[in-house]
Every structure is written in C-alpha cells, then in structure tokens.
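Residue numbers for the sequence shown follow this note's numbering, beginning at 25 and rising by one. Backbone N, C-alpha and C define an ideal beta-carbon position, used for all residues, glycine too. Since the structure is predicted, the reported quantities are computational estimates derived from the model, not experimental observations.
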Amino acid sequence: MAEFTMELNDEQKEVRDWIHGFAADVMRPAAAEWDEREETPWPVIQEAAKIGLYSLDFYAQQFFDPTGLGIPMTMEELFWGDAGIGLSIVGTGLAAVGVLANGTEEQIGTWVPQMYGDVNDVKVAAFCSSEPDAGSDVAAMRTRAVYDEAKDEWVLNGTKTWATNGGIANIHVVVAVVDPELGSKGHASFLVPPNTPGLSQGQKFKKHGIRASHTAEVVLENVRVPGHCLLGGKEKLDERLARARESVKKDGERVKNAAMATFEASRPAVGAMAVGTARAAYEEALEYATTRSQFGRPIIDNQGVAFQLADMRTQIDAARLLVWRASWMAVTGKPFTSAEGSMSKLFASEVAKKVTAQAVQILGGNGFTREYPVERMHRDAAIYTIFEGTSEIQRLVIARTLSGMPIR
C-alpha cells in the first residue's frame, strides 16, 4: 500500500511538466478561439493523441498510479491550460470510468479502446445519466431499458441531457431504469455501439462557460443493444436486483446504483479540474498585480490586493490537499467514512468560483473583457459547483454520511 505523501516522485514530476508544456504551448493559444466558436476542438484533441496524451494507455497509467495522484495531477495541469478544451480532452474519461466501475474485464478490454480511437482516427465517448427531470434526483430517472429475452437484446427509450460529447460520441454509456419499483437501486448501465439505430443528438446547449466542450441531449427511440452491452452482465444484474428487492423489504442494506458508482469515482478528479482553473486565474492575477501600477506603485503594494492574493493561494493549496487525500484514499481502498470524495469536490469547486471572481476584481475593467483570460476562467469555473453533483448535493452527502440521518 502506498504511503500518503505530498511530494511527487521524479516520474510524476516529469509527466506533470510534460502535460504542463502541452497546456501552455497548445491549449492556451487556442483557448479563446474555441471558446468563441463553441465547438469541439478536434485539432487540439488530435495533437494530444499524437503525443500520447489522449489515449487509453496514458489514462490507464494515471488511473492505476499506486499513489492515487496521477489523475488529479493530470486534471490540474490540463485545466490550468483551459477548462473547455480540457473537458473535451478528458470528457471521454467519464464514460471510461463508467465501464471500469461497472463492466466486466471483457467489456473493459473491448469497449474502452473504441472510446478513444487511434492517432489517425480520434474518437470520443459520452456518459449519459442526467435527464430533463432527473439531474441530482437520480431516483426520478425515466429512461427505460426492457429486456427482450427472445432476441437477447435490451430496448432503450428516453432522453438524456447535459451529456458531454452527447450525440457526437463513438460510444455512449447510458444509465437506464430496469426495475422502476426499486427507484435508484433499479438502474443499470448500457453500452450503445457506434451507429446504433434510434440514438440521435437532441438539443446542443449554448453555455455560459466551458464552451469548447460539446454538451447536448441524447434521444433514445427503441434503441436495441445486444445483451452483452449490459455493463457487468445479466447474471450480476439479476443478483444485484434480488438483493435490492430484499433490502427494500428489510429496509436495510444500501445498494449503489450505476450512476452513483461512476460519480463517486470521479468527484476528486472534478475537484482537481477546479484547482487547475483556480490556479490559472490566481497566477494571472498575481502577475497583473505585480506589473500594473497605479498612483506610482504596483497595485500589489496595496493590502487590499495583496491580502486577496494571499487568501487565493491558501485556498487553492487547501483544495489541492483535500483532492489528493481523497484520491489517495480511493486508490488504497480506504472508505470515505466522512464523505471525503464529496468534501474535495465541494471545497475545490467553491474555491474555483471565488478565486476566479477575485481575479476578475483584481484586474478591474480589464478583467471584465475577453482580452484577458480571467474573464473566461470565471465563466468556466461556474460549472464546477453544478455538474457531477451540485454543491448542495455534496453537502447533503457529507451531512448524511456524518450523521447517519436521512437529511433532506
């Protein structure tokens, strides 16, 4: 078991610097353009694939880093480069985590490589859980999956929303209800292969931030997928549903649903994204404060500015430590007895919103214009307190974990 450390080893430092170089040299120069275009930055993803940064092998290496710091380190550096492009590069990872968390070894080996494609034919994947009437309230999910035993096929019907890469993905991972009477315990995840009839893109959203990342509805109309596209397989699903039905009778054992298993695994990573954006805004504000002069001196000579920067840096470092702790706990199998994963996502998300707002304030009128990147960073940061569980939901998870009470 890896001991917890706050010091990256030499190999991790080398990887960090390599990612940082890509973020600085490729992502940042392209960030404003793709934010304005509000389109998937395929050329940047292609460049990432060429150097091995967008690949199954790279993310597998980071995912299985025994210290747990590979993924948060990667996310921080990419999102330091740009949040919208960063999400376009790592968005496939959420679908991949869905397969890793719920799939069989055969499914992982077969489908995850297809999510990324190869250097000459780059692909993306989408994880589809949220619905128009079921975001944080996963128990309200309406998308249905019905098993056609005669054909060994599952038939999916419903509409998903807020899906990163939705509709343009090569592989869609769709969470659907298989037993409505069990609420969130009656959910399962399904792989929808490329060009499956009945799956289409609905509305593409024009967003406040992370505009280089494609977000859209996914419409499922009598989508038929083979039985082997059920993540984990039917035998495992039947066993889980049987336990869930028994727990409903006994009002005892809790059974995690497919969507929650994916979100729990990804929350510290989202926290790391927020840390990267906050750090980028802080660095811009610090440089501006040391070079911008008013009344004959740099504005950082004023306590009102200097103290803000001190608080910004302190909060960023505290957020990173919470993310690293949760990531280390996850990889070493230590249970989140105090909802440490949700803590890391909650705190880092709130820090990103606050720090980017302070950066805009420090830059004054310049910070309010698109001539300076802090304006974009502030817009991008707003998403962290919303997606993959709002801040309010994180607080609910933490409070329920600490108290053991069904707080509403």
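Three-state class that DSSP yields for Trp42 in the structure shown: helix
Neighbourhood of Ala363 by C-beta distance below 6 Å, restricted to the same chain and skipping five residues each side: Val421, Ile422, Thr425
Cβ neighbours of Ser368 in the same chain (closer than 6 Å, five flanking residues each side left out): Pro292, Gly295, Leu346, Val347, Ala350
Inter-residue Cα distance where the pair is Val398 and Thr64: 21 Å
Tyr408: CB within 6 Å of a non-hydrogen atom of the ligand PLP: The ligand PLP is not among the ligands present in this structure, which contains no ligands whatsoever.
CB contact flag (Ser154, Thr185, <7 Å): yes
Which residues DSSP lists as bridging Ile195, in chain order: Ala149
For Thr188, the nearest candidate out of Cys152, Leu223, Thr220 (CA to CA): Cys152
Unbroken alpha helix (DSSP H) run spanning Leu370, endpoints: 364-387
Start and end residues, beta strand (DSSP E) containing Ala240: 239-250
Neighbourhood of Ser224 by C-beta distance below 6 Å, restricted to the same chain and skipping five residues each side: Val243
Strand pairing of Val201, partner residues [DSSP]: Arg168, His211
Asn126, enclosing alpha helix (DSSP H) - first and last residue: 107-126
Nearest-angstrom Cα separation, counted from Asp404 out to Met336: 17 Å
Exposed unless 16 or more other CB atoms sit within 10 angstroms - verdict on Pro96: buried
Classification of Val202 by the beta-carbon crowding that lies within 10 angstroms, buried from 16 upward: buried
Three-state secondary structure (DSSP) of Glu277: At Glu277, the pLDDT of 41 sits below 50, so the modelled position is not reliable; the number obtained from the coordinates is stated separately. Reduced to three states, the DSSP call for Glu277 is coil.
Per-residue DSSP class, three states only, for Asp142: strand
Short Cβ contact (7 Å threshold) for Gly222 with Asn246: yes
Beta-carbon contacts of Phe82 that lie in its chain and below 6 Å, excluding the five residues immediately before and after: Gly76
Local conformation of Ile316 per DSSP, three classes: The sequence shown places Arg at residue 316, not Ile. Coil at Arg316, not helix or strand.
C-beta contact flag for Val379 and Tyr306 at 7 Å: yes
Sequence-distant residues of the same chain with beta carbon closer than 6 Å to Glu100, five excluded per side: Ala296, Val299, Gly300
Cβ neighbours of Gln70 in the same chain (closer than 6 Å, five flanking residues each side left out): Val146
Backbone CA spacing between Met429 and Ser366 [nearest angstrom]: 17 Å
Option nearest Gln138 by Cα separation, candidates Gly256, Gly127, Ala342, Ala120: Ala120
Nearest-angstrom beta carbon gap, Leu254 and Phe229 [assumed within contact, 8 Å]: About 29 Å separates the two Cβ atoms, so there is no contact after all.
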